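Note sheet for the following structure.
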Ligand code: HEM
């Protein structure tokens, strides 16, 4: 057996303290010191980081059967989302994917994205102009969640009623992923009270939306109606209220911070030089440098071999779009923000770009996220001039998603 090289770490916790202190720096250092497949230990768990395009394709796509999502991270996330698309259980995943994927085809959103955003963004831009400033992270979060609620559920709910409890859930989930031993696995009652309260707040909203939708004689044509109407091809059964709740909470959790944080990065880096680049290219480049899902985890179901190294059954395999997108062999001058990398005549290097993942678990919300982001970027840069105020901490804060230190303030003036 050929073990992959890697940092030794401490006797009991292994590399967990170094990972917790700065996960991006820890993984980047491991790559520099040990090469594109390296092994490390986090408490009792063994992990392998894999960072060559061919190896990533092997794990997520070509040999996806050899890997599953029965990972600690998926397990912790399922405490919030229940049995849904993010569930480690392949049966639940298949059922939800069959129902949700058709509801997210790009043409399904024709004509709905722009009005949902404009209703929130246009008045917001007036406020930014009046005060001459905007906290771009908070505003992107508010506008994305508000627009998503309109697009998915045709509802108008104050964004904070959803984003505040989601924030608690995401922070709590990340804490549990980082902890080598989690007593809440023994009993749901050991979940912190704040966690349970946040779940209760979200459930009250989504279960209310589901009940109202079931009672409607002429429901609107949106994602919730499509989920309520979906029937299993084999049994003809529709989703229960619990399944609808799990699907809905999953979409909210997976979609809001990912899109909002990448958008905030797009504004921060495009302002002052790249505003006239096509919005699709600005957003693609922001997600290259700041992929919201900065690490993807799988578990080896059976023993495998990646490159020259043996991967034992049960080992966790980590793939980091953050590292892949900054590899200087794939991306010349990787730290430079340059939307023209994505112009039609310079397609990105093959298999070197994966902000939405790869293979069967590839993001279902991809077209929605891109549609929302491109419309917001185009509308704002068409009318306003944004400049980053100096002296701010822009370092990324990795959690479940790649976050920012907040607030990030930008100066706002009228364009032209
Ligand atoms: C810029 C925004 C987004 C980014 C960067 C992103 C990224 C990703 C990535 C990397 C995965 C694959 C994870 C894996 O393989 O384990 C994923 C899966 C997923 N995403 Fe997104 N996402 C974004 C927006 C959205 C939106 C708007 C929604 C829905 C409203 C969404 C819903 C999901 C769901 C449900 C999955 C699980 C798919 C599955 O396992 O079958 N995402 N996303």
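In full-length UniProt numbering, the protein residues as written are 1 to 416.
Note that beta-carbon positions come from the ideal geometry of N, C-alpha and C, so glycine has one too.
These numbers come from a predicted model, not from an experiment.
- Pairing residue 40 with residue 378, the inter-Cα distance amounts to about 44 Å.
- DSSP, read as helix, strand or coil, puts residue 48 in strand.
- Around the Cβ of residue 12, a 10 Å sphere holds fewer than 16 other Cβ atoms; the residue is exposed.
- Residue 42 is positioned such that its CB atom lies closer than 8 Å to that of residue 19.
- Boundaries of the alpha helix (DSSP H) around residue 251: 241-270.
- Straight-line spacing of the CA atoms in residue 110 and residue 365 works out to 14 Å.
- For residue 178, the enclosing alpha helix (DSSP H) stretches over residues 159-178.
- Shown here for residue 275: same chain residues with a beta carbon closer than 6 Å to its own, the five before and five after excluded, namely 381 in chain order.
- Listed in chain order, the beta strand (DSSP E) elements of length 3 or more contained wholly in the segment 99-136 are 133-135.
- Going by C-alpha positions, residue 195 is about 16 Å away from residue 73.
- Straight-line measurement puts the Cα of residue 17 at about 39 Å from the Cα of residue 158.
- With respect to residue 129, residue 412 sits close: the two C-beta atoms are nearer than 8 Å.
- In the three-state reduction of the DSSP assignment, residue 287 falls in the helix class.
- Around the C-beta of residue 346, fewer than 16 other C-beta atoms lie within 10 Å, and the residue is accordingly described as exposed.
- For residue 382, DSSP records no beta bridge to any residue.
- About 7 Å separates the Cβ atoms of residue 367 and residue 104, confirming a contact at the 8 Å cut-off.
- Counting other Cβ atoms within 10 Å of its Cβ, residue 241 stays below 16 and is therefore classed as exposed.
- Classified as buried, residue 172 has 16 or more neighbouring CB atoms from the shown chains inside 10 Å of its CB.
- Around residue 239, the same chain offers 99, 227, 228, 230, 247 as residues with beta carbons nearer than 8 Å, after the five sequence neighbours per side are excluded.
- The beta carbon of residue 61 sits closer than 7 Å to those of 358, 359, all from its chain and outside the five residues before and after it, given in chain order.
- With a cutoff of 7 Å, residue 250 counts as near ligand 1, since its C-beta is closer than that to a heavy atom of the ligand.
- Residue 304: not part of any alpha helix (DSSP H); member of the beta strand (DSSP E) spanning 304-306, first to last residue.
- Residue 399 holds the alpha-carbon nearest to the alpha-carbon of residue 21 among 399, 408, 55, 3.
- If you draw a straight line from the Cα of residue 132 to the Cα of residue 3, it comes to about 57 Å.
- Remark: the shortest separation between the CB of residue 173 and any heavy atom of ligand 1 does not fall under 7 Å.
- A contact is defined here as three or more CB-CB pairs under 8 Å, and the segment 328-343 fails this definition with respect to the segment 79-96.
- Taking every protein chain shown into account, the CB of residue 101 has fewer than 16 other CB atoms within 10 angstroms, so this residue is exposed.
- Counting only the Cα atoms, residue 218 lies some 47 Å from residue 58.
- Contact between residue 162 and residue 145 is confirmed by a C-beta separation of about 6 Å, below the 8 Å threshold.
- When the beta-carbon positions are compared, residue 6 and residue 38 come within less than 8 Å of each other.
- Assignment of residue 74 by DSSP, reduced to helix, strand and coil, places it in the helix class.
- Cβ contact annotation for residue 207 (same chain, cutoff 8 Å, sequence separation greater than five): 241, 245, in chain order.
- Annotation: residue 289 to residue 389 spans about 21 Å, alpha carbon to alpha carbon.
- In this structure, DSSP gives residue 274 a state outside helix and strand, which the three-state scheme calls coil.
- DSSP places residue 354 outside both helix and strand once states are collapsed to three, so it counts as coil.
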